[in-house]
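Trainee: No gaps in the numbering here: position 157 of the sequence shown is 157 in full-length UniProt numbering, and each next residue is one more.
We treat Cβ as the ideally placed atom computed from N, Cα and C, and that holds for glycine.
All values derive from a computational prediction rather than experimental measurement.
This is the structure, below, for whatever I ask next.
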Amino acid sequence: MFSFVLLILMAEDIPKETSKTIEKGDTISVDYVGRLEDGTIFDTSIKEAAIDAGIYNQMREYKPLTFTVGAGQMIKGFDEGVIGMKKGEEKTITIPPEEAYGEYREEFARELSVDTVDFTPEIGMRLATDSGLTGTVTEVSNNSFVVDFNHPLAGKTLIFDIKLVSIE
Numbered sequence: 001m002f003s004f005v006l007l008i009l010m011a012e013d014i015p016k017e018t019s020k021t022i023e024k025g026d027t028i029s030v031d032y033v034g035r036l037e038d039g040t041i042f043d044t045s046i047k048e049a050a051i052d053a054g055i056y057n058q059m060r061e062y063k064p065l066t067f068t069v070g071a072g073q074m075i076k077g078f079d080e081g082v083i084g085m086k087k088g089e090e091k092t093i094t095i096p097p098e099e100a101y102g103e104y105r106e107e108f109a110r111e112l113s114v115d116t117v118d119f120t121p122e123i124g125m126r127l128a129t130d131s132g133l134t135g136t137v138t139e140v141s142n143n144s145f146v147v148d149f150n151h152p153l154a155g156k157t158l159i160f161d162i163k164l165v166s167i168e
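In structure tokens form, the structure reads like this:
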């Protein structure tokens with residue numbers, strides 16, 4: 001009889017959150033490492049992983065990412081990939097381009113004349129249009145340059161290693 005009572009008391013001490021699975025509408029925090037199919041890490045919430053990958057940014061605060069599942073705050077594949085997870089669970093999700101940043105579209109890369117701008121374009125330079133589009137200069141010649149307005153991860157399959165840190 002005594003051991004039965006002890007088990008009941010111990011069961012009451014177990015947080016109910018550990019058995020909850022993620023659903024749309026839940027606000028959660030996750031740690032993650034995002035990489036490409038070739039293993040290149042492009043983003044992470046973990047400082048040590050950023051340092052190891054050579055992408056550390058001292059201006060960034062590395063901490064779990066908090067978002068509301070299904071609220072459109074994340075790319076579709078990430079949003080859907082966390083549904084059903086439990087606190088403390090780790091999971092790897094693979095997201096095809098159509099559930100991430102879309103396919104790469106050639107028509108989003110524009111060739112412009114050097115004569116139409118009042119600066120010297122350089123490869124890697126980021127430019128913004130009056131309408132709010134942001135692009136990257138990808139080619140430069142004597143007379144022209146190309147600005148690519150595709151998202152830098154367009155056309156790429158993304159792989160995320162995720163750990164569910166908390167459910168709020």
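(1) Can you say whether N57 is buried or exposed, counting buried as having 16 or more other CB atoms within 10 angstroms of its CB?
(2) Tell me whether residue 169 is buried or exposed, calling it buried when 16 or more other Cβ atoms sit within 10 Å of its Cβ.
(3) Answer with buried or exposed for F119, where buried requires no fewer than 16 other C-beta atoms within 10 angstroms of its C-beta.
(4) Quick check on A71: buried or exposed, where buried means 16 or more other Cβ atoms within 10 Å of its Cβ?
(5) As a quick exercise: from L127, A50, P97, pick the residue whose alpha carbon is nearest that of A109.
(6) Out of L112, E23, I22, K76, point me to the one whose CA is closest to A149's CA.
(7) Just the C-alpha distance for S29 and L65, rounded to the nearest angstrom, thanks.
(8) On the three-state DSSP scale, how would you describe S19?
(9) If we require 4 or more residues per run, which alpha helix (DSSP H) segments fall completely within the UniProt domain "PPIase FKBP-type" (25-168)?
(10) Out of S144, G135, G84, point me to the one whose CA is closest to D26's CA.
Mentor: Let's see:
(1) exposed
(2) Because the chain in this structure spans residues 1 to 168, residue 169 falls outside the shown range and cannot be described.
(3) exposed
(4) exposed
(5) L127
(6) Ala is not the amino acid found at residue 149; the sequence shown has Phe there. Checked all of L112, E23, I22, K76; the closest Cα to F149 is L112.
(7) 5 Å
(8) helix
(9) 47-53, 76-81
(10) G84
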